[in-house]
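Worksheet: the structure to be examined is printed underneath.
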Amino acid sequence: MVLVIDPAQTGLLKAFKPWELHALNVVWESEDPVGSRDVHVETTERYLKTDEKPISRASIINFLNDMVTEGVLGIEYEACKGGQRGLYYPLVNSDELIGMLIKSVVDSFNRDYPGIITLTVKPEILEAIQRG
């Protein structure tokens with residue numbers, strides 16, 4: 011997972027833009043798989059402030075597909091008049107996503123500084139991170 015971490019932010023906003031997190035919330039809150047159009051409409055109507063730049067549907071689709079690639083979301087396809095459309099559903103919840111993000115950061119530091127993590131992280135926490 012390619013991450014840009016902003017330590018000044020709180021929660022998942024450390025790793026996601028506000029609109030990305032809102033798009034994930036739309037999928038997490040839906041009882042059924044949801045299409046990119048619905049995610050786009052919900053993200054735009056419910057979450058974005060009127061003074062923010064609108065998010066394109068293409069940006070939503072690209073983000074959702076990235077989350078599929080990363081194993082955060084799943085996708086199933088259904089026929090529609092234009093051919094096929096993807097319906098997204100969660101593979102992990104927000105707590106599991108936080109674990110994935112932490113593991114990604116720890117693995118990255120371990121590649122760059124082998125052994126340093128074992129000196130700075132409690133062993134039981136390190137074991138939990140390594141287990142995923």
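In the working numbering, the protein residues as written are 11 to 142. Heads up, the beta-carbon is just placed ideally off N, CA and C, and yes, glycines get one too. If you're wondering where the values come from, they're calculated on a predicted model, not measured in any experiment.
Buried or exposed by the 16-neighbour rule on C-beta atoms within 10 Å, applied to residue i
{"i": "A33", "result": "buried"}
{"i": "L23", "result": "exposed"}
Which residues DSSP lists as bridging residue i, in chain order
{"i": "Q94", "result": "A89"}
{"i": "L83", "result": "P100"}
{"i": "G152", "result": "Limits of the chain in this structure are 11 at one end and 142 at the other, which puts residue 152 out of reach."}
Same chain, Cβ closer than 8 Å to residue i, neighbours up to 5 away in sequence not counted
{"i": "S46", "result": "R67, I70, I71, L74, R95, G96 and Y98"}
{"i": "D88", "result": "Note on identity: in this sequence residue 88 is Glu, with Asp being the wrong assignment. Closer than 8 Å at Cβ, skipping near neighbours: Q94, R95 and L97."}
{"i": "I15", "result": "K24, A25 and V115"}
Cutoff 6 Å; reference residue i; Cβ partners in own chain excluding five residues on either side
{"i": "W38", "result": "P100"}
{"i": "I85", "result": "V78, G96 and Y98"}
{"i": "I65", "result": "W29"}
{"i": "V51", "result": "none"}
{"i": "V49", "result": "A33, V36 and I70"}
{"i": "Y57", "result": "H32"}
Spatial neighbours of residue i in its chain, beta-carbon cut-off 7 Å, leaving aside the 5 residues before and after
{"i": "T17", "result": "It should be pointed out that residue 17 corresponds to Pro in this sequence rather than to Thr. Around P17: K24."}
{"i": "T53", "result": "W29, H32, A33, V36, I65 and I70"}
{"i": "S118", "result": "none"}
{"i": "P43", "result": "E86, L97, Y98 and Y99"}
Cβ-Cβ separation, residue j to residue i (assumed contact under 8 Å), whole Å
{"i": "S114", "j": "L13", "result": "6 Å"}
{"i": "V102", "j": "V82", "result": "6 Å"}
Any non-hydrogen atom of the ligand ZN closer than 8 Å to residue i Cβ
{"i": "G45", "result": "You won't find the ligand ZN in this model; it holds no ligand whatsoever."}
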